[in-house]
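Line by line, the protein sequences give chains F and Z.
Read in order, the letters of the first sequence correspond to residues -10 to 306 in our numbering.
Read in order, the letters of the second sequence correspond to residues 344 to 774 in our numbering.
Working notes, structure below.
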Amino acid sequence: MMAWSEIDTWIVVTGALISMACAIPGVFLLLNRQSMLGDAISHAVLPGLAAGFLISGSRDPLPMFVGASLAGLLTGLITEWIHRRGRVDADASLGVVFCSLFALGLILIRHAADRVDLDPGCVLYGSIETAVVDTGWMPGIAQLSGGMFLANLLLAILLFKELRIAAFDPALSTAMGISAHAMKQGLTIITAITTVVAFESVGSILVIAMLIVPGATALVMSHRLAHALALSLLFAALAAAIGHVAAISIVPQALARLTGFPGLGAVSSAGMMAASAGLLFVTVLVCGRLAGLRAIIRPEPDPQAGTALEVKASSRG
Amino acid sequence: MTAELLRFLSLQDYNTRVVLAGACAFGAAAGLIGTFLLLRKRALLGDTLGHSTLPGVAAAFLIAYALGAAGKSLPWLLAGAAISGAAGMVSVLMIRRFSRIKDDAALAIVLSVFFGFGVTLVTAVQQLPGGNAAGLDHFIYGKTASMTAADAWFILCMSVVVAALCAGLFKEFTLLCFDEGFAGAGGWPVRLLDGILMALVVLVTVVGLQAVGLLLVVALLVIPPAAARFWSDRLEVMAIVATAIGCLSAGAGVAASAIFARLPAGAIIVLCAAFLFSLSMVLGAQRGILLRCWHERSATRRLRCEHLLRAVYECLESGPATAAALRHKRPWKPGDLEREISRSINAGLLTPGGGGALQLTGTGRLEARRLVRNHRLWELYLLHHADVAPARVDRDADLIEHVLDPGLVDGLEAILDNERRAAFVPEDPEK
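As structure tokens, then:
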């Protein structure tokens, strides 16, 4: 038994919209082998946030948003530069860049905190439960994530062919006049903006998970890019719904029984949404393997093979 | 400030001594083990591991609470972290093994899913009486400056274990990093070795998380080895340099945070490492940018000079070598031809003859003859033995003429018969 309210509905809607907004660039990140970019950006934007705050001198969200987006973009650019000029592996250069930027951000925040109370925790980790509390006909955060989702969807549809060829055959695409490098940078920008918008409002963990896990689940199931994109949207929304339901009902009950502490309330919805995305991934992977095993043990009768045998038999007879 | 510097250098404070020893030992151990991770192309594994310890820590606390024990017992939480970290690592390997998903995606999936689940459990822990005081996030984001003597001893023991195993299994780990397939074919227990290496990474991560925090663990596993890569192509040298850089940046960071009281030690250590990285990237003795630019520059110069000499030789075969005729020979960049001509005249390879034409000097003629000879021998070889179309041989030979060594030239002569060669290829300048 669980108590469902209007707020729960909005949490699921917002979570689903954010997740779907992340899943779209996520599929292309996977294909470009830039999966860790989401994690890196969510750390590396810290100096941007702090700088935006220090320059504007207020907690006005706009300068902080601009600073964060610039820092996200810078992460992509410096990583690419170190990878190319220094011939360092792409993942190692990403690690170098985001650790350094995060450390810089910590120092800046420490500096900023001298002047006004600015808690890195509250800057970095918004929470989806408190974000949807302001109600109108639709909470502001739901509108924002809806807008982000529509923008990403529109971009993906408009640039579908270009993104596809740049992801699957960078050399061919560059030769055809669609610079694979430019597409990669564009993808980094989109990812940075999506990440910043999403995690300022709902927290970084949901973003990092939803950038990659639904896309990976979809790519396990499908070999066609359009199908994979559609499936990733489905899995993202599904994970958001399952995650929130589990966070307010099943998980607290189970934990209450385990610990013997009856007053245990709802747990983090964003965390549970990420965990359910992982659960969906494992389920799909296991089902896929089982189907593959069954095909090996008991092959389905192939109509073509059947006729060939009959032909052989009749010709012999 | 001088007073603080002196105070630090003389190691008067007990606390400074503890933090310095612990941080340096951790930096060295992380740098060493990170070297193997970097070469195995798993640089960000530390990041994934660090995040995937969270559910273990929270679960250990919950279980301890259920059993009625005090949840804050450190070994218990560490055991939880280690088990959950190891589970994260096994998941990465399983995803790789059972699907076509790439390494980086497997790392990102495990990181986010485990961390998400961990966050969920932590929110449950915080609702328990006494759960807030448990400081579970402090466990993950440990503070370098508040390291205790016990922590430092723990780190020292861990570093000794890591160093001993790495030294003892150096040859095996090297083989694992560079040619896993060969190691397997040669009968080495690849899985076991990989398991030992990964277990060491788990050890470093779990010990480090508690003492110095996640950021420092990830940074010191990645940055010092990446910096060391610029200094050497030899693994033993690289491992030593990475160890030194890790140790040095930890020491410098602790010093800075002791002198300037308001700077957080962990962040400063990372920035010191980043500074050493950029220094290595520019100055590195093996792959540094300056060195590579220098090599590229001298190579282009040599190529341009050789192109000019060959062009002059070929022009002289049919007429005077004027600037216009040379320009017709190959596409020069604007200004390059004039610059190269004056440079070659200064080097004594060319002399200006009458009417704006150029003449080869004695040394210039020998060098030019050698080049033309290489070029044409290779063209003939491509035509007669490699079945390359006549229109393409000139361009292919253009690339190879600079690097043909004398032995190869003799070989070419031997397989190309004399009649074909006589009219076309100049004599050996040595004879």
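We put the beta carbon where it would ideally sit given N, CA and C, even for glycine.
ask   = Which residues, in chain order, does the stretch 617 to 632 of chain Z contribute to contact with chain F at a C-beta distance below 8 Å?
value = 617, 620, 624, 630, 632
key: residue -7 of chain F to residue 237 of chain F span [Cα, whole Å]   = Position 4 of the first sequence, counted from the start, is the residue given in the question as residue -7 of chain F. Position 248 of the first sequence, counted from the start, is the residue given in the question as residue 237 of chain F. So the two alpha carbons sit approximately 9 Å from each other.
key: Partner residues on chain F for residue 613 of chain Z, Cβ-Cβ distance less than 8 Å   = Counted from its first residue, the second sequence places residue 613 of chain Z at position 270. What residue 613 of chain Z touches in chain F: 88, 89, 91, 92.
Within chain Z, partners of residue 222 of chain F - CB distance below 8 Å = Sequence index remark: in the first sequence, residue 222 of chain F carries index 233 (1-based). Within 8 Å Cβ-Cβ: nothing; residue 222 of chain F doesn't reach chain Z, min ~18 Å.
task = Give the residues of chain F in contact with residue 442 of chain Z, contact being defined as C-beta atoms less than 7 Å apart.
result = Taking the first residue of the second sequence as 1, we reach residue 442 of chain Z at position 99. 209, 274, listed in chain order.
query = With a cut-off of 8 Å, do at least 3 Cβ pairs link the stretch 582 to 594 of chain Z to the stretch 350 to 370 of chain Z?
reply = Yes: the two stretches touch, three or more of their Cβ pairs being nearer than 8 Å.
query = So, do the stretch 373 to 388 of chain Z and the stretch 563 to 579 of chain Z have three or more beta carbon pairs nearer to each other than 8 Å?
reply = yes
inquiry  = Determine, for residue 218 of chain F, whether the minimum Cβ-Cβ distance to residues of chain Z falls below 8 Å.
reply    = In the first sequence, the residue the question calls residue 218 of chain F occupies position 229. So no, residue 218 of chain F is outside the interface.
message = Tell me the residue span of the beta strand (DSSP E) that contains residue 702 of chain Z.
response = Numbered from its first residue, the second sequence carries residue 702 of chain Z at position 359. Taken as a continuous stretch (DSSP letters only), the beta strand (DSSP E) holding residue 702 of chain Z covers 701 to 703.
key: Span of the beta strand (DSSP E) around residue 694 of chain Z   = Translated into the one-based positions of the second sequence, residue 694 of chain Z becomes position 351. Counted as a single uninterrupted DSSP element, the beta strand (DSSP E) harbouring residue 694 of chain Z occupies residues 693 to 695.
ask   = Since residue 264 of chain F meets chain Z, which of its residues come closer than 8 Å, beta carbon to beta carbon?
value = On the first sequence, residue 264 of chain F is found 275 positions in, with the first residue counted as 1. Simply 456, 459, 460, 463.
ask   = When the distance is taken between beta carbons, is residue 163 of chain F closer than 8 Å to residue 405 of chain Z?
value = Here residue 405 of chain Z refers to the residue found at position 62 when the second sequence is read from its first residue. Here residue 163 of chain F refers to the residue found at position 174 when the first sequence is read from its first residue. In this structure, residue 163 of chain F does not lie closer than 8 Å to residue 405 of chain Z by Cβ.
query = For residue 206 of chain F, is the classification buried or exposed, using 16 other Cβ atoms within 10 angstroms of its Cβ as the cut-off for buried?
reply = Sequence index remark: in the first sequence, residue 206 of chain F carries index 217 (1-based). Residue 206 of chain F should be labelled buried.
query = Within this structure, are the beta carbons of residue 488 of chain Z and residue 608 of chain Z separated by less than 8 Å?
reply = One-based indexing of the second sequence puts residue 488 of chain Z at position 145. One-based indexing of the second sequence puts residue 608 of chain Z at position 265. Cβ atoms of residue 488 of chain Z and residue 608 of chain Z: closer than 8 Å.
C-alpha gap between residue 112 of chain F and residue 617 of chain Z, whole angstroms = As a first step, residue 112 of chain F is located in the first sequence; it is residue number 123 there, counting from the start. As a first step, residue 617 of chain Z is located in the second sequence; it is residue number 274 there, counting from the start. Residue confidence is low: residue 112 of chain F scores 48 on pLDDT, short of 50, so the model does not pin down where it sits. Its coordinate-derived value is still stated next. Going by the C-alpha atoms only, they are around 24 Å apart.
task = Taking all protein chains shown into account, decide if residue 398 of chain Z is buried (16 or more other Cβ within 10 angstroms of its Cβ) or exposed.
result = On the second sequence, residue 398 of chain Z is found 55 positions in, with the first residue counted as 1. Buried.
Contact check, residue 396 of chain Z vs residue 256 of chain F, beta carbons under 8 Å = Translated into positions along the second sequence, residue 396 of chain Z becomes position 53. Translated into positions along the first sequence, residue 256 of chain F becomes position 267. Against a cut-off of 8 Å, the Cβ pair of residue 256 of chain F and residue 396 of chain Z comes out as no contact.
query = From which residue to which residue does the alpha helix (DSSP H) around residue 629 of chain Z run?
reply = For the purposes of this step, residue 629 of chain Z is taken as the residue at position 286 of the second sequence. From DSSP, residue 629 of chain Z is part of no alpha helix (DSSP H); its letter is neither H nor E.
message = I need the DSSP call for residue 604 of chain Z, collapsed to helix, strand or coil.
response = Position 261 of the second sequence, counted from the start, is the residue given in the question as residue 604 of chain Z. Residue 604 of chain Z falls in the coil class under three-state DSSP.
message = Using only CA atoms, which one of Z/724, Z/730, Z/669 lies nearest to residue 702 of chain Z?
response = Counting from 1 along the second sequence, the entry for residue 702 of chain Z is found at position 359. That would be Z/669, whose Cα lies nearest to the Cα of residue 702 of chain Z.
request  = Would you tell me roughly how many angstroms separate the C-alpha atoms of residue 548 of chain Z and residue 428 of chain Z, rounded to the nearest one?
outcome  = Here the question's residue 548 of chain Z lines up with position 205 in the second sequence. Here the question's residue 428 of chain Z lines up with position 85 in the second sequence. Cα-Cα distance, rounded: 9 Å.
query = Does DSSP put residue 664 of chain Z in a helix, a strand or coil?
reply = What you label residue 664 of chain Z is simply residue 321 of the second sequence in a count that begins at 1. Three-state DSSP puts residue 664 of chain Z in a strand.
ask   = Do the stretch 42 to 59 of chain F and the stretch 142 to 161 of chain F make contact, defined as three or more Cβ pairs closer than 8 Å?
value = no
query = Name the residues in the stretch 230 to 254 of chain F whose C-beta lies less than 8 Å from a C-beta of chain Z; which are they?
reply = 236, 240, 241, 244, 247, 248, 249, 250, 252, 253, 254
request  = Reducing DSSP to helix, strand and coil, say where residue 613 of chain Z ends up.
outcome  = The residue you call residue 613 of chain Z lines up with position 270 of the second sequence. Helix, per DSSP.
request  = Give the interface partners of residue 405 of chain Z over in chain F, defined as CB-CB distance under 8 Å, in chain order.
outcome  = Counted from its first residue, the second sequence places residue 405 of chain Z at position 62. 244, 247, 248, listed in chain order.
query = Counting contacts by CB-CB distance shorter than 8 Å, is residue 145 of chain F in contact with chain Z?
reply = Position 156 of the first sequence, counting from 1, holds the residue named residue 145 of chain F. So no, residue 145 of chain F is outside the interface.
ask   = Would you call residue 88 of chain F buried or exposed, if buried means 16 or more other Cβ atoms sit within 10 Å of its Cβ?
value = Here residue 88 of chain F corresponds to residue number 99 of the first sequence, with the count starting at 1. Buried is the call here.
query = By how many angstroms is the C-alpha of residue 671 of chain Z removed from the C-alpha of residue 700 of chain Z?
reply = Residue mapping note: residue 700 of chain Z aligns to position 357 of the second sequence, counting from 1. Residue mapping note: residue 671 of chain Z aligns to position 328 of the second sequence, counting from 1. Distance between the alpha carbons of residue 700 of chain Z and residue 671 of chain Z: 14 Å.
ask   = At least one CB of chain F closer than 8 Å to the CB of residue 445 of chain Z: is that the case?
value = Translated into the one-based positions of the second sequence, residue 445 of chain Z becomes position 102. With respect to chain F, the C-beta atom of residue 445 of chain Z has a partner C-beta closer than 8 Å.
query = Secondary structure at residue 573 of chain Z, three-state DSSP: helix, strand or coil?
reply = Here residue 573 of chain Z refers to the residue found at position 230 when the second sequence is read from its first residue. Residue 573 of chain Z falls in the coil class under three-state DSSP.
query = What is the DSSP secondary structure of residue 112 of chain F, counted as helix, strand or coil?
reply = Within the first sequence, numbered from 1, the residue matching residue 112 of chain F stands at position 123. In this prediction, residue 112 of chain F scores a pLDDT of 48, lower than 50, which makes its location untrustworthy; the coordinate-derived value is nonetheless stated afterwards. In this structure, residue 112 of chain F counts as helix in the three-state DSSP scheme.
request  = Evaluate the contact criterion for the stretch 3 to 17 of chain F versus the stretch 141 to 158 of chain F: three or more CB pairs, one atom per stretch, below 8 Å.
outcome  = yes
Short-range partners of chain F found in the stretch 651 to 665 of chain Z, where Cβ spacing is below 9 Å = none
inquiry  = Let's test the definition: count the other Cβ atoms within 10 Å of the Cβ of residue 637 of chain Z and tell me whether it reaches 16, buried, or not, exposed.
reply    = Position 294 of the second sequence, counted from the start, is the residue given in the question as residue 637 of chain Z. Looking at its Cβ environment, which holds fewer than 16 other Cβ atoms inside 10 Å, residue 637 of chain Z is exposed.
ask   = What are the uninterrupted segments assigned as alpha helix (DSSP H) that are 4 or more residues long and contained completely in the stretch -2 to 54 of chain F, given in chain order?
value = 26 to 33, 35 to 45
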